[in-house]
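One structure is given here, and the rest of the page talks about it.
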Amino acid sequence: MNTKSRVALLAAGIVSLLAFTVPNRADADWRSRQRDLDRRASRAQESARAELQRDRSELQRDYAELERDRADLRRLYRSGASRSEIERKKAEIRRGLNEVAQGRREVRDDMGQLRGNLDQYGYGLGNDSWNRNNNGWWGWLGGNGRADNRDRWGYRD
């Protein structure tokens, strides 16, 4: 054997050893790759759900605190408290309303992220993976069935 063929065989042996020692690179099987992709997608989905749950529970706590502050303000009005105490409580309620608004934005963003993840992986609203040329129901919307160029049965009067 000449030197070139020995070097080629040695390189092929090294590459095959590397393929066996690094299992992620050695996934010649599509099921293994798909399983890994599914696990990653599942982890992302679960973390998004956990974040949404945390933000929802925080929002509920903020709502409860806001209701307590409102009850305190009513009590202050009934008891004839000083104007400064009432103003302080009103400012606290405004801060609570800002916290609730921020919590609602976080929940909305988490829902959007979760919905985006669902759409990305083939579930949820707005997904067109089953019908790539989605032109509406029976072709009435868009494509050849545009609503502006034909009526219900495709005739023009």
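To convert, take the position in the sequence shown, counting from 1, and add 922; that gives this note's numbering. Heads up, the beta-carbon is just placed ideally off N, CA and C, and yes, glycines get one too. Keep in mind it's a predicted model, so treat the numbers as computed, not measured.
Under the three-state reduction of DSSP, G1038 is assigned to helix. Short of 7 Å from the beta carbon of G1025, and not among the five residues preceding or following it, lie these beta carbons of its own chain, in chain order: D977, E980, L981 and D984.
For I1015, the CB contacts under 6 Å within the same chain, skipping 5 residues up- and downstream, are D991 in chain order. Taking one beta carbon from each stretch, the region 948 to 962 and the region 991 to 1007 have fewer than 3 pairs nearer than 8 Å; the two do not touch. D1032 sits buried, since 16 or more C-beta atoms from the chains shown fall within 10 Å of its C-beta.
By the criterion of a C-beta distance shorter than 8 Å, A970 is surrounded in its chain by D1032, Q1035, L1036 and N1039, once the five residues flanking it on both sides are discounted. The alpha-carbon of A993 is positioned some 32 Å away from that of A972.
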